[in-house]
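In the numbering used here, the protein residues as written are 397 to 817.
Just so it is clear, CB atoms sit at the ideal spot from N, CA and C, and this is done for glycine as well.
Worksheet: one structure, shown below.
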Ligand SMILES: [Zn+2]
């Protein structure tokens with residue numbers, strides 16, 4: 397078998413023939429030639445036989461490694477004149493437009509980015525984290541399900557900070573499918589207007605319920621004419637439940653400060669590090685945390701009452717209550733919190749009374765906390781990893797890859813291209 401034939405089989409690239417293979421010190425450089433005669437515009441369907449010119453230097457792409465060898469593809473490309481896009485370099489079937497990596501390598505990096513920390517990816521694949529960010533953005537630009545904005549009935553809008561220095565992303569979630577379907581940089585009414593512009597009036601008119609974190613900006617956009625003024629506005633359960641979690645944390649901090657001042661440090665020692673034992677959902681506790689929680693329970697006191705109130709509140713959003721049942725429980729909870737003599741809970745009860753209708757709307761429209769919380773936790777983990785990216789687009793792309801409507805395939809999971817002879 398000739399070496400070029402062997403590389404045709406090994407690399408399994410669409411639409412090209414291997415014409416030459418050169419082994420360097422660490423890199424194998426593989427020259428390929430496009431099999432098709434016609435030139436394709438990389439940005440649209442335009443095809444032509446007419447060549448504008450040929451680029452003087454070959455273009456190169458990094459491909460999947462072969463063992464310890466890096467593989468670099470090289471091809472001489474032509475330029476064409478597209479009636480819409482002007483003079484552009486022709487598209488190649490094995491790489492996305494403008495990329496210096498092949499489609500296979502992009503896909504591998506995007507898949508890894510949602511599952512592996514950045515140091516590991518950079519070392520394994522010998523690429524910078526920013527290269528990973530660009531690969532993610534390209535994959536999302538081409539592979540996102542085009543029907544993701546169809547059939548939306550219950551959506552949620554949330555903001556999340558990415559990087560320090562107050563940079564924010566606005567995300568729109570489809571509660572029914574449990575995925576992020578849209579995102580943009582910023583967090584004001586105009587940011588969300590962008591979503592409704594893309595959605596269009598017909599699809600927006602189908603939306604029945606929108607959950608919000610209840611800042612004024614998003615509400616203004618939702619209720620604008622042509623957007624979704626018909627939709628019932630709900631309190632986002634994640635934020636509401638978090639409010640109670642924050643109240644519990646305040647009670648815990650106060651207690652900790654008091655214990656530390658005691659002459660006997662035994663109490664403080666026992667209580668130390670109890671934060672997660674109290675704040676995590678009981679089903680997620682480690683054995684040590686569960687033991688710590690049991691100790692707090694034996695000692696009772698204000699902190700245990702606060703913990704019980706947090707769990708009772710969470711149960712209201714479990715998703716199995718009618719509006720009437722939830723209303724009874726919510727009112728009972730507010731009354732209990734107000735009598736609790738725990739200042740943070742008195743305050744939380746006041747907020748809940750103000751938002752009572754919006755909380756009950758969420759329950760009536762089946763926006764339960766379990767699902768919202770799961771997705772939120774996932775998104776927050778992903779966004780923390782995106783801190784190293786340079787642009788909001790790359791951070792958004794990672795969110796879409798990890799929590800959006802994309803079915804990412806690895807190179808070997810795709811059907812094999814026509815084997816080149
Ligand atoms: Zn074009």
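Candidates the options: which alpha carbon is nearest residue i's?
i	options	result
residue 650	634, 635 and 668	668
residue 531	691, 506 and 542	506
residue 734	689, 640 and 710	640
residue 820	470, 536 and 501	No answer is possible for residue 820: the residues shown for the chain start at 397 and end at 817.
residue 808	407, 421 and 400	407
residue 595	565, 555 and 551	551
residue 720	704, 691, 752 and 707	752
residue 572	549, 578 and 565	549
residue 701	681, 732 and 776	732
residue 680	546, 770 and 716	770
residue 726	754, 737 and 703	754
residue 371	779, 718 and 520	Since the first and last residues shown for the chain are 397 and 817, residue 371 lies out of range.
residue 423	461, 452 and 691	461
residue 805	446, 397, 496 and 504	504
residue 761	629, 401, 653 and 652	629
residue 574	520, 494 and 768	768
residue 745	776, 709, 716 and 763	709
residue 715	496, 683, 763 and 678	763
residue 693	666, 718 and 398	666
residue 601	627, 612, 611 and 593	627
residue 703	597, 542, 463 and 678	678
residue 542	747, 803 and 810	803
Could you pull out every residue in the same chain whose Cβ sits closer than 8 angstroms to the Cβ of residue i, ignoring the five residues on either side in sequence?
i	result
residue 345	Nothing can be reported for residue 345, as the shown portion of the chain is limited to 397 through 817.
residue 403	414, 417 and 426
residue 525	514, 517, 518, 784 and 785
residue 616	585
residue 676	685
residue 743	643
residue 446	435, 476 and 477
Could you pull out every residue in the same chain whose Cβ sits closer than 6 angstroms to the Cβ of residue i, ignoring the five residues on either side in sequence?
i	result
residue 450	474
residue 765	633, 637 and 713
residue 529	785 and 790
residue 614	553, 588 and 608
residue 781	none
residue 498	457, 459, 490 and 491
residue 635	609
residue 772	634
residue 749	730
residue 510	797 and 798
residue 578	568 and 591
residue 508	517
residue 527	none
residue 399	417
Once the 5 residues before and after residue i are set aside, which same chain residues still bring their CB inside 7 angstroms of it?
i	result
residue 774	798 and 799
residue 722	712, 756 and 759
residue 437	476, 478, 481, 484 and 487
residue 740	643, 646 and 647
residue 432	411
residue 454	470, 471 and 472
residue 619	625
residue 440	478, 480 and 481
residue 658	664
residue 652	667
Taking C-beta to C-beta, are residue i and residue j nearer than 8 angstroms?
i	j	result
residue 492	residue 538	yes
residue 412	residue 430	yes
residue 469	residue 428	yes
residue 546	residue 466	no
residue 631	residue 603	no
residue 801	residue 560	no
residue 576	residue 795	yes
residue 705	residue 736	yes
residue 664	residue 689	no
residue 698	residue 655	no
residue 533	residue 793	yes
Less than 8 angstroms between CB atoms is the rule here; does residue i satisfy it with respect to chain B?
i	result
residue 579	Structure shown: chain B not included; a single protein chain is present.
Give every residue whose Cβ lies closer than 6 angstroms to any heavy atom of ligand 1, listed in chain order. What you get when you keep residues with a C-beta closer than 6 angstroms to any heavy atom of ligand 1 is 437, 439, 440, 442, 478, 480 and 481.
Let me know the alpha helix (DSSP H) ranges lying completely inside the stretch 564 to 641, each 4 residues or longer, listed in chain order. 585 to 595, 597 to 600 and 612 to 618
Go through the stretch 433 to 515 residue by residue and report every complete run of the alpha helix (DSSP H) that reaches 4 residues or more, in order. Those alpha helix (DSSP H) runs which fall completely within the stretch 433 to 515 and span 4+ residues are 499 to 509.
Please give me, in chain order, every unbroken run of the alpha helix (DSSP H) with length at least 4 that falls completely inside the stretch 785 to 809. 788 to 799
For a minimum of 4 consecutive residues, which ranges assigned as the alpha helix (DSSP H) are wholly contained in the stretch 644 to 678? 662 to 667 and 671 to 675
I'd like the ranges of any alpha helix (DSSP H) spanning at least 4 consecutive residues and lying wholly in the stretch 705 to 779. 719 to 735, 739 to 750 and 752 to 760
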